[in-house]
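S.K.: Sequences listed follow chains A and B, in order. Mind the numbering: the first sequence is residues 1 to 57 in the working numbering, read in order. Mind the numbering: the second sequence is residues 1001 to 1427 in the working numbering, read in order.
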Amino acid sequence: MPINPSDNRELINHLRSILGRRTETFLSCPPEKPAIRVNTLKCDPVALQKKTGYVAG
Amino acid sequence: MLCKKKLDTWQVEYEPLFFNPSGFAIKKAPFPLSHTLEFFRGFFQMQGIASQIPALVLNPQPGERVLDMAAAPGSKSTQMAALMKNKGQLFLNDINRGRLQALNANIQRAGAINQIITRLPGERLGNLFPAFFDKVLLDAPCTALGTLPGHPEVAGWWNRQKLEKLSALQHRLLISAVKALKVGGELVYSTCSISPLENEAVIHQILANYPLEIMTIDTLPVSSFNPGWVGFGNETYHPEMRRALRTDPLVHGLEGFFVIKLKKSARSFESPPDKRMPFIPTFPSDSPVVKEDLKAFSKQWGIDQTVWSAYRFIRTATRLWLVNNEVVQIPQNEFVSAGLLLAEKRLSGWRPTNQSVQMFSGYLSKRRLELSRDNFMRLFANGTIPSPRLEKGYYALVWRGEALGVVYAEGGTLRIRLPHYFRLTSE
């Protein structure tokens, strides 16, 4: 059974104290995109930087 | 070897993260990326976008002694091992036995050899390792309120009592973290909660009683995120709380994280040295404790023994672990593992692990086994294939010149032991 956060009044009250009027938008906002992190212990970070054009740090 | 090239080959839609050159948001993938040989070989980790921030803020360096207090399941730990370039000493601790298994699997797959894993209550670490670490990451247990948009199940167990209980735990863990830190050492505290009661309020309370300064975050573009809060309700927090970083799901499209960097400016209330954790030594390759085992292992697999001189070793009843040369001792109590599990003793000799044959692929000159593409794919799909002509024993499975794992031939069948979650869907 899917959980509807709106059913947890205690939670909604706490969210309202943090987010105010943005609470409903927060509850309906899309989840973070999945992501990966290249393991520089096994993949060459210099080659990666050249390919992506992004500079570390 | 380069993962970006592979992402293009797989026709994955992705975008690099603006704050981390090693990170990529996945917009669309034709299959789960965790079902690939690149994942199996540890070339990349699945790790949330906001979750990649805390380790970058701590920025652990090669040669440092670093603690990850609540490490499991290990995405930040593997990130820190990489930032440290496998040098120095990375202590990973977690109290949860089940989550430690995931940590161990992830850190082995990543190819880390600088880590020591313990299973201790985080609250005890400060007294067991007083003023011991250069850097500490406390990614604290929290209500995970910042993940609610993607994880509505959080609403199923969230209540005010739980929040207060976790807030008290966060405070105790922070005290322990401060004690474990050297004077001048740096501490990063993070949560995936948007509640100030788990973040700014906990930090405010600790600042009142312990010698800590809030530091400016200088290892990523902090102006792209939100600052920490200087008040909530009727409470006013330390004015430098603005130096903390918040990710806002509504503004940044990320999970809601809080990250703050602190520096220990003076001694706190560390225990006297005699209460420190007892340590046991690791051994160089020419030590009588491991010399004969390494010799037998090298002979069995055709490895030039000089390769071992770059490492130190731990020998238990049936296992041989390999660590970097800086891990000269490991904690005696509640020790779980350290470095790479090189091999396990079997009746037929030493059986290397999938990870150790990957690491020493270029040195293995015996017992290499190359399969046709069809047989290779079938082996990864089913775990077994017929192999009527192979002599009984262990072999290193080689694919396109690289050893990927260990297979066992017996009774006309070839087997590979794969993690239960792993299913190969793409080369």
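For every residue, glycine included, the Cβ atom is placed at its ideal position computed from N, Cα and C.
Roughly how many angstroms lie between the CA atoms of Thr1413/B and Thr1384/B, to the nearest whole one?
M.R.: Distance between the alpha carbons of Thr1413/B and Thr1384/B: 7 Å.
S.K.: Cβ atoms of Ala1050/B and Leu1245/B: under 7 Å apart, would you say?
M.R.: No, they are not a contact pair.
S.K.: Closer than 8 Å, Cβ to any Cβ of chain B: which residues of the stretch 9-37 of chain A, in chain order?
M.R.: Answer set for the stretch 9-37 of chain A: Glu10, Leu11, His14, Leu15, Ser17, Ile18, Leu19, Arg22, Thr25, Phe26, Leu27, Ser28, Cys29, Pro30, Pro31, Glu32, Lys33, Pro34, Ala35, Ile36, Arg37.
S.K.: Output needed for Gly53/A: all residues of its chain with C-beta closer than 6 Å, excluding positions within five of it in sequence on either side, in chain order.
M.R.: For Gly53/A, the predicted structure reports a pLDDT of 47, less than 50, and the residue's modelled location is therefore unreliable. A value from the coordinates is still provided. Cβ neighbours of Gly53/A beyond the five flanking positions: none.
S.K.: If we cut at 7 Å on Cβ distances, does Arg1246/B have a partner in chain A?
M.R.: It does not: the Cβ of Arg1246/B has no partner Cβ on chain A nearer than 7 Å.
S.K.: Any beta carbon from chain A within less than 7 Å of Val1022/B's own beta carbon?
M.R.: Val is not the amino acid found at residue 1022/B; the sequence shown has Ser there. Judged by the 7 Å Cβ criterion, Ser1022/B is in contact with chain A.
S.K.: Which residues in chain A sit within 9 Å of Met1046/B, going by Cβ to Cβ distance?
M.R.: Pro34, Ala35, Ile36, Arg37, listed in chain order.
S.K.: For chain A, is any of its Cβ atoms less than 7 Å away from the one on Leu1322/B?
M.R.: It does not; no Cβ of chain A falls within 7 Å.
S.K.: Is Val1357/B helix, strand or coil when you go by DSSP?
M.R.: Here Val1357/B sits in helix by DSSP.
S.K.: Give the list of continuous alpha helix (DSSP H) stretches no shorter than 4 residues that lie fully inside the stretch 1196-1281 of chain B.
M.R.: Complete alpha helix (DSSP H) runs here, min 4: 1200-1209, 1249-1252.
S.K.: Using the beta-carbon of each residue, which ones in chain A are nearer than 8 Å to Leu1397/B?
M.R.: Chain A residues near Leu1397/B: none, gap ~18 Å exceeds 8 Å.
S.K.: Reducing DSSP to helix, strand and coil, say where Asp1293/B ends up.
M.R.: If DSSP states are grouped into helix, strand and coil, Asp1293/B belongs with the helices.
S.K.: I'd like the list of long-range same chain contacts for Gly57/A, defined as Cβ closer than 8 Å, with 5 residues on each side in sequence excluded.
M.R.: Only weak support is given to the placement of Gly57/A: the predicted model assigns it a pLDDT of 30, under 50, and the question is left unresolved by the model.
S.K.: Using beta carbons (cut-off 7 Å, strictly below), is Lys42/A in contact with chain B?
M.R.: So yes, Lys42/A belongs to the interface.
S.K.: Given 8 Å as the limit, is there contact between the stretch 1392-1400 of chain B and the stretch 1369-1379 of chain B, that is, 3 or more CB pairs closer than that?
M.R.: Contact between the stretch 1392-1400 of chain B and the stretch 1369-1379 of chain B is present, because at least three Cβ pairs lie under 8 Å.
S.K.: Note down, one range per segment and in chain order, each alpha helix (DSSP H) of at least 4 residues found wholly within the stretch 1366-1405 of chain B.
M.R.: If we require 4 residues or more, the alpha helix (DSSP H) runs fully inside the stretch 1366-1405 of chain B come out as 1373-1382.
S.K.: Would you say Trp1158/B faces chain A, with C-beta separation under 7 Å as the test?
M.R.: Taking Cβ atoms only, chain A reaches closer than 7 Å to Trp1158/B, which makes this a yes.
S.K.: For a test of the three-state rule: what should DSSP assign to Gly1339/B, helix, strand or coil?
M.R.: Coil at Gly1339/B, not helix or strand.
S.K.: Determine, for Leu1250/B, whether the minimum Cβ-Cβ distance to residues of chain A falls below 7 Å.
M.R.: Yes, Leu1250/B counts as interfacial toward chain A.
S.K.: Whose CA, out of Gly1048/B, Trp1010/B, Leu1017/B, Tyr1014/B, lies closest to the CA of Phe1031/B?
M.R.: It is Trp1010/B.
S.K.: Name the chain A residues that come within less than 9 Å of Leu1341/B, Cβ to Cβ?
M.R.: Chain A residues near Leu1341/B: none, gap ~16 Å exceeds 9 Å.
S.K.: Along chain A, in chain order, which residues have C-beta atoms closer than 8 Å to that of Arg1041/B?
M.R.: Per Cβ cutoff of 8 Å: Lys42.
S.K.: Tell me whether Leu1197/B counts as near the ligand GTP, meaning its Cβ is closer than 6 Å to at least one heavy atom of that ligand.
M.R.: Absence of the ligand GTP is noted for the structure shown, with no ligands found whatsoever.
S.K.: Give me the subset of the stretch 1077-1091 of chain B whose CB atoms are less than 9 Å from a CB atom of chain A, sorted by chain position.
M.R.: Answer set for the stretch 1077-1091 of chain B: Thr1078, Gln1079, Ala1081, Ala1082, Leu1083, Lys1085, Asn1086.
S.K.: Since Ala1155/B and Leu1148/B are thought to touch, with beta carbons under 8 Å apart, how far apart are those beta carbons, to the nearest angstrom?
M.R.: Between Leu1148/B and Ala1155/B the Cβ distance is about 7 Å, and since that is below 8 Å, they are a contact.
S.K.: Give a yes or no on contact between the stretch 1309-1327 of chain B and the stretch 1285-1296 of chain B, applying the rule of three or more CB pairs nearer than 8 Å.
M.R.: Taking 8 Å as the limit for Cβ pairs, the verdict is that the stretch 1285-1296 of chain B does touch the stretch 1309-1327 of chain B.
S.K.: Any chance the stretch 1188-1200 of chain B sits against the stretch 1224-1234 of chain B, with 3 or more Cβ pairs inside 8 Å?
M.R.: With a cut-off of 8 Å, the stretch 1224-1234 of chain B and the stretch 1188-1200 of chain B count as touching, because enough Cβ pairs lie within range.
S.K.: Quick one: residues in its chain with C-beta nearer than 8 Å to the C-beta of Ser1193/B, no 5 flanking neighbours on either side, listed in chain order?
M.R.: Once the five neighbours on either side are set aside, the close Cβ partners of Ser1193/B are Cys1142, Thr1143, Ala1144, Leu1145, Gly1146, Asn1199, Gly1256, Phe1258.
S.K.: How is Thr1318/B classed by DSSP in three states: helix, strand or coil?
M.R.: Here Thr1318/B sits in coil by DSSP.
S.K.: For the pair the stretch 1032-1051 of chain B and the stretch 35-44 of chain A, tell me if three or more CB-CB distances fall below 8 Å.
M.R.: Output reads yes: the stretch 35-44 of chain A touches the stretch 1032-1051 of chain B.
S.K.: Less than 7 Å between the C-beta atoms of Tyr1210/B and Ser1268/B, yes or no?
M.R.: Against a cut-off of 7 Å, the Cβ pair of Ser1268/B and Tyr1210/B comes out as a contact.
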